[in-house]
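Heads up: the sequence shown begins at 867 in our numbering, then just goes up one per residue.
The C-beta atom is built at its ideal place from N, Cα and C for all residues, glycine as well.
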Amino acid sequence: MYDFLIVGAGLFGAVFAFETAKKGKRCLVIDKRPHIAGNIYTENIEGINVHKYGAHIFHTSDKAIWDYINQFAEFNNYVNSPIAVYNDELYNLPFNMNTFSKMWGIKTPAEAKARIAEQIARLNIGEPKNLEEQALKLVGMDVYEKLIKGYTEKQWGRPCSELPAFIIKRLPLRFRYDNNYFNDRYQGIPIGGYTQIVEKMLANAEVKLNTDYFEFVKQNPNIAEKTVFTGAIDEFFGYKLGELEYRSVRFETEVLDEENYQGNAVVNYTHRDVPFTRIIEHKHFEFGEQPRTVISREYSAEWKPGAEPYYPVNDDRNNSLYKQYEKLADERGNVVFGGRLGMYRYLDMDKVISLALDAVRQIQ
Ligand code: FAD
Ligand code: UDP
């Protein structure tokens, strides 16, 4: 009946549907949630586009991907520059001259480098084996203790010494006065939110919401030639090799009767004793001037069956379990696994688009 059954109306599924529908293929897209767009879903509250599943800033160095996403929306010139709060101290992120100047009362890059080198020398670290060693080796003890340790341990629910080093390598380290969180050439927020993008991508596909794949496929086993699955790969196989670990996030969203709560879209709380990791004030992504404001506090939590899986925990144990699931997937054939959960990878939106375009190419 259909060429493709696409499970998940998130970014991967939507790009896949858009591209294959363009080639005349018939796609049915199902999602268990009551809305499209997966984790990039935005909802208008008080005239503000609220990022319901966490702050999403589009950034890429790939011009082709930037041009691709711009066909679906106009992007503004938002530049992500989070603030970190540690007790009563406020710092700029990512780690740059503004951060170092505030932390040590210094002015020049040479002074900052000397401070860091002096702290690193005392630590005697070889090739970093985990996130703690990687962070200490990059920025020394002060920045690690105040801006990394507490935040990371809240975020991942594990000691930094048990986390993979690559997580921290995502953050730029600069000896310039530059608070741009990303090094990418292109960055912005779609004016009017992300949901409209996915709506346009799905315009020529059939979409069924509130529909869980595992129930649906029992009733409709032969509905499509091929399946594209963007849910969790371990769930697809009934967890038969064991559960992959995920981190989940609980969002506490509030409408406040004031115009400007924190003066910035993203404020991280890096102290261990503050129970949430960050507060997002959504209006600032689009420079909003509405009379009220909407904020979301993010509480990180261990994932349990039934909760939303957000972040794959890519440590050695999980990566090798994933490899075994990937083997099952290859043996099974006829199902394409895609996206953050299907591929069990920490993927930004630009990578998801690029992988979905690859998947379409491979299917021809
Ligand atoms: P999803 O958006 O998760 O879509 C998968 C869909 O499949 C979901 O809608 C789900 O309901 C559905 N589904 C799952 N199982 C089933 C089933 N059994 N039956 C039916 N439907 C099912 N990226 C950036 O580039 N910039 C950022 O600033 C950024 N911030 C982020 C912040 C947070 C808190 C998180 C978690 C991620 C962030 N990302 C960011 C990454 C971004 O969210 C992903 O790259 C993107 O949303 C992945 O799209 P996807 O289609 O793979 O997955
Ligand atoms: N991180 C940190 N302190 C901060 C912000 C981030 O130590 O104030 C670390 C933390 O380990 C986090 C990683 O850097 O998991 C990547 O941060 P990013 O903001 O990219 O995470 P995401 O937006 O994906 O939640």
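Membership of aspartate 933 in the alpha helix (DSSP H) is indicated by the continuous run 929–936. Residue Asp1216 holds the alpha-carbon nearest to the alpha-carbon of arginine 1206 among Arg1036, Arg1051 and Asp1216. When the beta-carbon positions are compared, valine 1115 and glutamate 1164 come within less than 8 Å of each other. Taking a contact to require three or more Cβ pairs closer than 8 Å, the segment 1146–1164 and the segment 947–959 do not qualify as touching.
With a cutoff of 7 Å, alanine 875 counts as near the ligand FAD, since its C-beta is closer than that to a heavy atom of the ligand.
Remark: the shortest separation between the CB of tyrosine 919 and any heavy atom of the ligand UDP does not fall under 7 Å.
Note on leucine 1213: 16 or more other CB atoms within 10 angstroms of its CB, so buried under the neighbour-count rule. Only exposed fits glutamine 1228, as fewer than 16 other CB atoms lie within 10 angstroms of its CB. For tyrosine 957, the pairing in a beta bridge is given by DSSP as Ala950. Three or more Cβ pairs drawn from the segment 1161–1176 and the segment 1107–1122 lie within less than 8 Å of each other, which places the two stretches in contact.
Leaving aside the five residues that flank glutamate 1125 on each side, the residues in its chain whose CB is nearer than 8 Å to its CB run, in chain order, Glu1155, Gln1156, Pro1157, Arg1158 and Thr1159.
Taking 8 Å as the cut-off, the beta carbon of leucine 959 is found closer than this to the beta carbon of asparagine 1134. In this structure, Gly1006 is the residue among Gly1006, Gly992 and Ile991 with its C-alpha nearest to the C-alpha of arginine 981. The residues Phe938, Ala939 and Pro1056, in chain order, have a CB closer than 8 Å to that of glutamine 1062 in the same chain once the five nearest residues on each side in sequence are set aside. As computed with DSSP, glutamate 1120 is found in a beta bridge with Ile1161. Contact check between the segment 986–994 and the segment 1172–1182: fewer than three CB pairs, one atom from each, fall below 8 Å, which does not count as touching. In the DSSP assignment, isoleucine 986 falls within the alpha helix (DSSP H) that extends over 975–989.
Residue nearest to alanine 887 within the set Leu877, Asp869, Gly876 and Ala903 is Asp869 (criterion: CA-CA distance).
Taking one beta carbon from each stretch, the segment 923–933 and the segment 996–1013 have fewer than 3 pairs nearer than 8 Å; the two do not touch.
Using a Cβ-Cβ distance cut-off of 8 Å, the segment 1071–1080 and the segment 893–902 are in contact, since at least three pairs of beta carbons, one from each stretch, lie closer than that value.
Non-local C-beta neighbours of tyrosine 1191 in its own chain, meaning closer than 7 Å and more than five positions away in sequence, comprise Ile1099, Asp1100, Phe1103 and Leu1107, ordered along the chain.
Taking 3 residues as the shortest admissible run, the segment 878–917 contains the following complete beta strand (DSSP E) segments, listed from N- to C-terminal end: 893–896, 908–911 and 914–917. Straight across, the Cα-Cα distance linking valine 945 with isoleucine 923 is about 9 Å. Taking the Cα of alanine 921 as reference, the smallest distance to any Cα among Ala1225, Gly1199, Val1202 and Gly1059 is reached at Gly1059. Straight-line spacing of the CA atoms in arginine 1024 and asparagine 964 works out to 29 Å.
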